[in-house]
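Asker:
Number of protein chains: 4
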Amino acid sequence: MIKVGIIGATGYAGQELVRILLSHKYADIVWYGSRSYIDKKYSDVFGNMFKLVDSTCLDDNMEALANEVDVIFTATPQGLCASLVNEAILNKVKIIDLSADFRIKDVSVYEQWYGITHKSPQFIDEAVYGLCEINREDIKKARLVANPGCYTTCSILSAYPLMKEGLIRPQSLIIDAKSGTSGAGRGAKVDNLYCEVNENIKAYGVTSHRHTPEIEEQLSYAAGEPVVINFTPHLVPMNRGILVTAYADLTADVTWQKLRSVYEKYYGGETFIRLLDENVCPQTRWVEGSNFVDINFKVDPRTHRVIIMGAIDNLVKGAAGQAVQNMNLMFGLDESEGLMLVPMFP
Amino acid sequence: MIKVGIIGATGYAGQELVRILLSHKYADIVWYGSRSYIDKKYSDVFGNMFKLVDSTCLDDNMEALANEVDVIFTATPQGLCASLVNEAILNKVKIIDLSADFRIKDVSVYEQWYGITHKSPQFIDEAVYGLCEINREDIKKARLVANPGCYTTCSILSAYPLMKEGLIRPQSLIIDAKSGTSGAGRGAKVDNLYCEVNENIKAYGVTSHRHTPEIEEQLSYAAGEPVVINFTPHLVPMNRGILVTAYADLTADVTWQKLRSVYEKYYGGETFIRLLDENVCPQTRWVEGSNFVDINFKVDPRTHRVIIMGAIDNLVKGAAGQAVQNMNLMFGLDESEGLMLVPMFP
Amino acid sequence: MIKVGIIGATGYAGQELVRILLSHKYADIVWYGSRSYIDKKYSDVFGNMFKLVDSTCLDDNMEALANEVDVIFTATPQGLCASLVNEAILNKVKIIDLSADFRIKDVSVYEQWYGITHKSPQFIDEAVYGLCEINREDIKKARLVANPGCYTTCSILSAYPLMKEGLIRPQSLIIDAKSGTSGAGRGAKVDNLYCEVNENIKAYGVTSHRHTPEIEEQLSYAAGEPVVINFTPHLVPMNRGILVTAYADLTADVTWQKLRSVYEKYYGGETFIRLLDENVCPQTRWVEGSNFVDINFKVDPRTHRVIIMGAIDNLVKGAAGQAVQNMNLMFGLDESEGLMLVPMFP
Amino acid sequence: MIKVGIIGATGYAGQELVRILLSHKYADIVWYGSRSYIDKKYSDVFGNMFKLVDSTCLDDNMEALANEVDVIFTATPQGLCASLVNEAILNKVKIIDLSADFRIKDVSVYEQWYGITHKSPQFIDEAVYGLCEINREDIKKARLVANPGCYTTCSILSAYPLMKEGLIRPQSLIIDAKSGTSGAGRGAKVDNLYCEVNENIKAYGVTSHRHTPEIEEQLSYAAGEPVVINFTPHLVPMNRGILVTAYADLTADVTWQKLRSVYEKYYGGETFIRLLDENVCPQTRWVEGSNFVDINFKVDPRTHRVIIMGAIDNLVKGAAGQAVQNMNLMFGLDESEGLMLVPMFP
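Chains as they are written, first to last, in our numbering: chain A, 283 to 628; chain B, 283 to 628; chain C, 283 to 628; chain D, 283 to 628.
1. If contacts are defined as beta-carbon pairs under 8 Å, then B:V286 and B:I302 qualify, I think. What distance do you get, rounded to the angstrom?
2. Would you say C:S381 reaches chain D, if we count a Cβ-Cβ gap shorter than 8 Å as a contact?
3. Could you check where the alpha helix (DSSP H) with A:G603 kicks off and where it finishes?
4. If B:S461 and B:C432 are in contact, beta carbons under 8 Å, what's the gap, nearest whole angstrom?
5. Along the region 471-492 of chain D, what residues have a CB closer than 7 Å to any CB found in chain B?
6. If you measure between the beta carbons of C:L455 and C:I438, is that distance less than 8 Å?
7. In terms of residue numbering, what span does the alpha helix (DSSP H) encompassing A:A295 cover?
8. Could you give the first and the last residue of the continuous beta strand (DSSP E) run that contains A:Y629?
9. Where does the unbroken beta strand (DSSP E) through A:S461 begin, and where does it stop?
10. If we cut at 8 Å on Cβ distances, does A:G592 have a partner in chain B?
11. Quick one: Cα of A:I511 to Cα of A:N429, how far?
12. Going by other Cβ atoms of all chains shown within 10 Å of its Cβ, with 16 needed for buried, is A:G506 buried or exposed?
13. Curious, which full-length alpha helix (DSSP H) runs of at least 4 residues does the region 477-546 of chain A contain?
14. Is the CB-CB distance between B:G603 and B:V575 below 8 Å?
15. Between A:A530 and A:I589, what straight-line distance do the alpha-carbon atoms span, to the nearest angstrom?
16. Between D:D341, D:Q394 and D:F384, which lies nearest to D:I406 when the distance is taken from Cα to Cα?
17. Short of 8 Å Cβ to Cβ, which residues in the region 503-520 of chain B face chain C?
18. Classify C:D616: buried if its beta carbon has 16 or more other beta carbons within 10 angstroms, exposed otherwise.
19. Distance, Cα to Cα, D:T338 vs D:D326?
20. Short check: CB of D:A601 to CB of D:A291, under 8 Å?
21. Give me the DSSP bridge partner(s) of D:K422.
22. Going along chain D in order, which residues have a C-beta closer than 7 Å to the C-beta of A:L413?
23. To the nearest angstrom, how far is the alpha carbon of C:E552 from that of C:E546?
24. Which residue comes first and which comes last in the beta strand (DSSP E) that contains D:A291?
25. From C:K423 to C:I377, what does the alpha carbon distance come to, in whole angstroms?
26. Candidates A:G361, A:I457, A:L623 and A:N596: which alpha carbon is nearest A:W395's?
27. Have a look at B:D336 and B:L380 and give me their C-alpha separation to the nearest angstrom.
28. Three Cβ pairs or more, each shorter than 8 Å: is that satisfied between the region 475-493 of chain C and the region 559-575 of chain B?
29. Does D:T527 get closer than 8 Å to chain B when you measure Cβ to Cβ?
30. I want to verify the contact list: residues of chain D whose CB lies under 9 Å from the CB of B:R468, in sequence order.
31. Over what stretch of residues does the beta strand (DSSP E) that includes B:M344 continue unbroken?
32. I'd like to know if D:S337 contacts chain C, where contact means its C-beta is closer than 8 Å to some C-beta of that chain.
33. Counting along the chain, where does the beta strand (DSSP E) carrying B:A309 start and finish?
34. Just to confirm the assignment, what range does the beta strand (DSSP E) spanning A:D326 have?
35. I'd like to know if C:K580 contacts chain B, where contact means its C-beta is closer than 8 Å to some C-beta of that chain.
36. Under a three-way DSSP split, which group does D:F278 fall into?
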């Protein structure tokens with residue numbers, strides 16, 4: 283059994299890790315870290331875990347934890363993982379960081395967009411960007427995996443094949459994304475109160491959202507040139523789900539079938555990517571609770587653009603599910619172990 | 283492997299059966315019956331099943347089906363199962379009926395509350411009321427199980443121990459129930475449109491809801507005398523979940539601890555009933571997607587009443603989950619096989 | 283023009299006062315009090331007021347305010363109004379208190395249920411309970427009006443005629459109430475986050491909610507004897523609306539028509555009470571945004587009980603609308619001035 | 283008093299017309315037309331209108347109606363108004379058509395996108411496109427006004443000043459729009475059931491939505507050249523509200539202040555357009571129930587694009603409110619008569 287420690291187990295992503303790992307055949311959570319709820323029973327914080335988890339919340343002592351577990355998930359605010367990790371720890375355990383600390387290779391870009399100083403830049407190079415469908419082989423050998431952001435996972439996977447094959451003009455990409463409210467976290471803020479979110483939609487972080495450079499970096503690798511994009515997230519009154527609608531200029535006259543064959547080239551063998559039938563639009567409800575990414579697109583001959591659409595569950599493929607997928611790869615397990623979750627509807 | 287046929291696979295309860303059975307180790311769905319969608323791919327109706335179910339919808343020919351499967355689930359409107367079943371069929375397959383056709387022993391009560399003539403009253407006596415926690419042994423031997431209604435499951439299980447032990451005055455019981463909208467079914471009706479349900483709560487079927495006689499019959503067995511109650515269902519703007527708040531006069535001065543010990547006597551060994559800690563109120567979000575029933579209660583010394591609260595997911599313990607629990611019992615499997623679903627939050 | 287000051291203008295009820303008073307022909311808000319947002323533009327807090335309100339938030343100095351306005355609304359937490367008011371102030375301005383400070387005549391009951399010491403018990407006797415349909419004449423002469431609670435308004439008005447006429451057994455009354463989330467206030471609490479409230483229903487304050495003694499006191503006046511009831515509030519995933527479902531034993535064999543004539547006797551001339559047609563259940567969506575109370579009931583000959591149902595918008599008739607109705611009465615205006623709000627649907 | 287007839291009074295837009303006109307000082311609804319509900323009391327269809335509207339639904343006989351009223355609103359499916367209108371009728375009454383029949387000047391474009399034959403193309407030229415802020419003077423003189431679509435109102439008004447002033451490259455415009463569910467109408471369709479819409483977001487009509495040519499036509503007038511755009515609508519789980527997020531290449535290096543001055547040039551004197559302060563994003567909740575359009579934008583120096591955002595209530599400024607605004611203009615009333623609706627929050 284893989285012994286698992288979670289730092290940040292009482293956020294939404296941390297709790298989703300617990301939900302998934304409880305049904306994982308080869309993993310056993312031994313450390314529920316939560317600075318805010320130390321000594322409180324985990325199931326008192328999340329009533330769904332009553333009778334399922336009997337543990338009490340512990341602190342975030344990564345040194346101590348490293349001696350007790352095989353893998354640490356950090357589902358914490360930006361900066362914390364980078365401030366705790368060190369060589370000794372990495373020699374003992376594998377770390378899957380759900381924060382942004384090790385996602386961006388250029389530390390100055392990280393520090394500019396996140397507004398904090400990186401505490402352990404020496405590990406950035408080593409860290410593997412944990413987008414399994416793209417970096418599978420590197421992940422298998424990694425000590426430290428930077429689990430991608432929710433918006434970025436959906437955005438990158440949706441656009442990747444066309445960017446990689448040069449079928450869209452890199453600088454023309456515009457990503458309009460919509461997220462359920464669990465993406466905003468469990469902090470007690472007026473902006474996230476029920477009455478403020480319900481019956482409302484808004485854009486936020488326009489031109490400045492921190493997932494922008496992460497998307498740009500990964501798509502730049504695909505394009506083979508620096509990519510600068512517009513990325514606009516929106517808050518939607520629902521618990522879970524991210525929908526990405528992306529627009530790009532086509533570099534050639536192509537049909538849906540042609541583009542589809544390109545997607546199949548990259549994703550044809552992927553368990554968690556579902557390429558939808560022609561004219562079917564992704565909907566977040568069809569992936570809720572699962573690790574699937576549903577992707578489709580439409581060619582617009584009037585504007586010579588392609589409209590790409592992708593849907594994920596932000597807490598699963600956008601966070602905890604992908605983290606477990608990374609764990610499976612890092613420990614040589616079947617990549618889909620514990621992740622064959624049937625989407626729950628309605 | 284148990285070969286499973288579902289008649290009514292494209293309603294919400296039928297689809298939930300599919301969701302649950304896809305992860306069941308010993309069951310294999312071979313017949314997706316749906317009169318409205320014959321010849322249509324099942325995953326075209328429910329996009330969550332894309333790449334998971336490759337089958338096409340079939341009709342509801344129970345005779346033909348009986349030759350192909352080991353168990354038939356009927357998740358259909360009242361009257362259909364009773365109109366299809368016969369001795370020859372029952373000799374070949376087990377039937378778990380999610381409709382009300384075989385729940386009520388007195389056929390005249392059924393016909394009065396449901397307003398239809400029962401087509402096969404000869405099987406009513408044989409049919410076992412499939413409330414596993416109460417009728418477990420009978421279910422194991424049954425050919426025909428009447429799967430309880432959603433409101434009734436939550437109502438009966440919440441009140442049963444106190445009624446059985448004579449701790450509440452039977453005729454004083456008042457059940458105020460609240461349900462998510464999936465309980466209203468997938469029919470295209472103006473009343474169930476998003477804009478009609480959202481930002482609204484209403485009572486319906488006041489004094490006349492058809493789950494009333496079903497609750498009364500079962501609680502009468504417990505009380506050892508005919509029980510007549512008030513039952514008022516309400517429609518709540520959410521997808522899933524039933525919360526029952528019930529009120530009854532206590533027959534003695536008792537403490538919470540005393541009543542708790544009574545609940546433990548009946549449910550202490552039950553996998554799917556969670557008796558909550560003192561002062562914790564059941565909430566539907568903590569059982570969503572799972573087969574759990576969360577129960578608690580409060581003694582009010584001012585009024586000498588007990589307020590009993592129960593929460594279930596109406597599509598799981600209130601329909602498909604309980605149906606699978608029944609199947610497990612009927613086929614000698616571990617009762618919780620395929621049902622250790624961790625509640626999904628948020 | 284009546285000059286109006288609001289203390290607590292940045293809560294949900296305070297903001298609703300602003301919404302209503304902006305369309306009131308004879309009122310002019312001159313003081314937007316909000317301790318938390320002093321010096322901030324009001325329309326920066328509530329974007330709906332952009333270009334409609336140009337004022338900046340002020341503090342809660344009731345002494346200063348009393349010199350500038352004709353009426354003060356206090357939409358603040360319990361205790362604040364009682365701690366600020368004094369004889370000099372009451373000699374200058376009328377006060378309509380939306381908190382509970384002056385609702386309960388027995389100060390010990392107040393202190394027990396609210397857990398705070400009353401700071402100005404000397405004004406409790408004088409204060410008029412501002413349920414306009416019942417205390418109209420007293421309100422007209424009042425200096426200090428205690429605006430009723432949201433649950434209490436709906437509960438009392440629904441049951442009052444039957445209690446007054448002795449048609450129900452007082453001690454048998456059970457009130458099961460359901461409220462939208464704006465009733466929980468605008469404080470930043472995890473429990474009220476979108477993801478915690480959405481897809482959930484729960485009871486809270488079972489046997490201990492602070493609106494209980496308020497309902498009991500007013501219904502005791504109606505019954506002519508002390509009334510002790512069960513009152514159970516529930517939190518519903520919607521912004522606005524309260525639905526009350528109440529159960530009581532009938533003291534005689536009566537028809538719907540008979541009870542209806544009793545309701546007409548009390549409410550036949552009321553502008554804001556709508557007695558629905560037989561078999562029509564109140565729904566919160568039909569009163570949203572308006573000052574209406576929709577009432578109906580059902581006689582159950584099987585249990586000899588009546589099930590009474592009432593619906594209001596908790597922020598209008600349950601708070602700000604009723605407060606303005608009180609203001610209209612106190613200043614000799616048409617009672618419905620500014621309150622003929624057509625319910626908004628959907 | 284202006285005597286008003288409504289054909290299609292039982293759809294969401296028709297009912298919103300009723301809500302608004304009930305508070306209009308100079309209008310009186312005398313005909314509630316609804317083919318589906320003939321002879322049914324209007325308040326039996328919409329319970330919010332109980333005690334406010336005493337009328338019964340009538341048919342859609344426009345000939346008869348023309349003799350009884352001064353203005354007819356048609357809030358009906360595409361094609362109906364065009365099939366009913368004729369010269370005799372237009373000589374008697376003014377018509378404000380909320381359908382698309384007279385919005386598009388090129389009848390072949392209409393017939394192609396809507397897939398129906400236009401029954402009275404002879405009136406297309408005469409019809410005035412009822413976007414009050416742009417066509418005010420023509421509307422005043424019109425017999426027949428084509429009330430703009432909901433998406434189009436928000437899209438056009440958001441982009442108009444920049445298009446008109448040549449500050450954005452016309453062919454670069456991409457509009458990503460999000461709408462509440464009332465925009466989908468009150469028809470009983472599975473797709474619009476609560477459980478299908480709740481907890482979901484999806485794009486629909488990608489590259490083919492019928493509001494596309496309407497937006498293109500109007501923006502072409504502004505640009506002085508044919509404009510071809512991408513327009514993608516999305517369905518959001520909320521009752522009301524449209525948010526438009528639009529992307530366009532800037533034709534010059536400009537600041538927010540520069541663009542703001544352009545918006546002020548066009549909208550500075552407009553009652554219903556609110557230009558928000560820098561860095562404030564429009565949110566649908568701040569316009570709910572009102573006739574306001576909230577607009578703002580962000581300049582992205584990294585991509586040389588502007589991101590324009592606009593928010594309206596789809597049933598008010600996107601339908602009924604704008605229709606009343608047109609009526610006010612056509613009858614020489616104050617344009618804002620009956621429309622100074624304070625947005626309702628929460």
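For every residue, glycine included, the Cβ atom is placed at its ideal position computed from N, Cα and C. Given the structure is predicted, the values throughout are model-derived calculations rather than measurements.
Answerer: On the basis of the data shown:
1. Between B:I302 and B:V286 the Cβ distance is about 11 Å, and since that is not below 8 Å, they are no contact.
2. no
3. G603 to M612
4. 7 Å
5. K471, V472, N474, L475, Y476, C477, V479, N480 and E481
6. no
7. Y294 to L303
8. The displayed coordinates of chain A run from 283 to 628. Any statement about residue 629 of chain A would go beyond what the structure contains.
9. I456 to S461
10. no
11. 21 Å
12. exposed
13. 494-505
14. no
15. 7 Å
16. D:F384
17. V510, I511, N512, T514, H516, V518, P519 and M520
18. exposed
19. 9 Å
20. no
21. Answer is none; D:K422 lacks a bridge partner.
22. Ordered by position in chain D, no residue passes the 7 Å Cβ test against A:L413, which lies about 23 Å from the chain.
23. 9 Å
24. Per DSSP, D:A291 belongs to no beta strand (DSSP E) and is neither H nor E.
25. 12 Å
26. A:G361
27. 24 Å
28. yes
29. no
30. V472, L475, C477 and E478
31. Run containing B:M344: none in the beta strand (DSSP E); it sits in the alpha helix (DSSP H), M344 to A348.
32. no
33. A309 to G315
34. Per DSSP, A:D326 belongs to no beta strand (DSSP E); it is in the alpha helix (DSSP H), Y324 to V327.
35. yes
36. Outside the displayed range of chain D (283 to 628) lies residue 278 of chain D, so it cannot be described from this structure.
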